[in-house]
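Data block below; observations after.
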Amino acid sequence: MEKIRLKEYAAQSVDRYRSMQAIFPEALLHQAYICKFSCNEYIVRFDEDIRCLFLLLDGRAKIYLVHENGKRALIQFLGKNDFIGELSLIEAEEHSKDVVAINDYTCLAIPLASAKKQLLEDNAFLLHLSKYLGDKLLKRTEHYTAMQDYELKNRLAKYILQIENNGYFQEKLTETAEYVGVSYRHLLYTLNKFREEGLLEKRGRQYFIVSKEALEKLSLKTNRCTNQNSHSVKQTIPSTTPRL
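All residue numbers in the sequence shown are consecutive under this note's numbering, ending with 248.
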């Protein structure tokens, strides 16, 4: 992990900093800093206390729930403007989850103790957070609904596009099968079909995306389900009530 002073980042990204000001009080931003993580680097570990509230600025990450027997279950993806640690902020979660960077990942980090003191009495922030949590719940619900309503090829295409890094799909197939809700054997059969149809190419233990356009067409059905079944919060940082 690389730490950068927020002042230095703000000088190079003026518009982005103004967007942060729309969410967080200036006094709190003075305590914040920028964190940069590399691909597959842990942002948060389930067996460690969360010390910061994170806001994703660039990159993608994945959240794993770790069971008592040590097995992990992939439960959600994170993208631009997503939070990490928001449930710890409002003390709704005692145990953290594993959060791992999919690609190079940049986020704003605010010490959690300071965030609790200021943000839990900040109505503008609480409104923004409430809308965000509602949208997050809808997305997770829609994922499980899509597993019942759409074929594996549609769900798998969407998953590959979410998890790919530099054109490669290299996730553990056991975890992939669990996330898309099928047997390992059924997953292998569908991946082989993708190869036969020229969508993917096997390179060692990885799959290279040959036709991203074809995968996008397959994933559109599940995306339409998401758009039709929810009035999602627009995931843009300035969506909260402006500060006066």
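Glycine is no exception: its CB is placed at the ideal position from the N, C-alpha and C atoms.
Taking only three categories from DSSP, how would you classify residue 90?
helix
Worksheet item: residue 69: which of 207, 111, 51, 63 sits nearest, CA to CA?
Response: 51
**Request:** Alpha carbon to alpha carbon, how far is residue 113 from residue 94? Give it in angstroms, no decimals.
**Result:** 16 Å
Buried or exposed: residue 64, going by 16 or more other Cβ atoms within 10 Å of its Cβ?
buried
> Are residue 88 and residue 129 close, meaning C-beta to C-beta below 8 Å?
Replying inline: no
Query raised in the report: For the 8 Å Cβ check, are there 3 or more pairs between the region 134 to 152 and the region 195 to 203?
Result: no
Measuring CA to CA, which of 13, 124, 217 is closest to residue 110?
-> 13
What is the rounded straight-line gap between the Cα of residue 45 and the Cα of residue 102? 11 Å
Got a sec, what are the start and stop residues for the alpha helix (DSSP H) residue 174 sits in? Per DSSP, residue 174 belongs to no alpha helix (DSSP H) and is neither H nor E.
One question on the structure: do residue 209 and residue 174 come within less than 8 Å of each other, judged by their Cβ atoms? yes
ask   = Looking only at C-alpha atoms, which of 221, 115, 16, 177 sits nearest to residue 92?
value = 115
Q. Would a C-beta distance cut-off of 8 Å place residue 60 and residue 84 closer than the cut-off?
A. yes
Checklist entry - Using DSSP with H/G/I as helix, E/B as strand and the rest coil, what is residue 135? => result helix
### Segments assigned beta strand (DSSP E), at least 3 residues, entirely inside the region 25 to 52
37 to 41, 46 to 48
* Asked: Starting from residue 189 and walking both ways along the alpha helix (DSSP H), at which residues does that stretch end?
  -> 188 to 200
query: Does DSSP put residue 203 in a helix, a strand or coil?
result: coil
Cβ neighbour criterion (16 or more within 10 Å) applied to residue 79 | exposed
| Is the CB of residue 16 under 8 Å away from at least one CB in chain C? | Of the protein chains in this structure there is only one, and it is not chain C.
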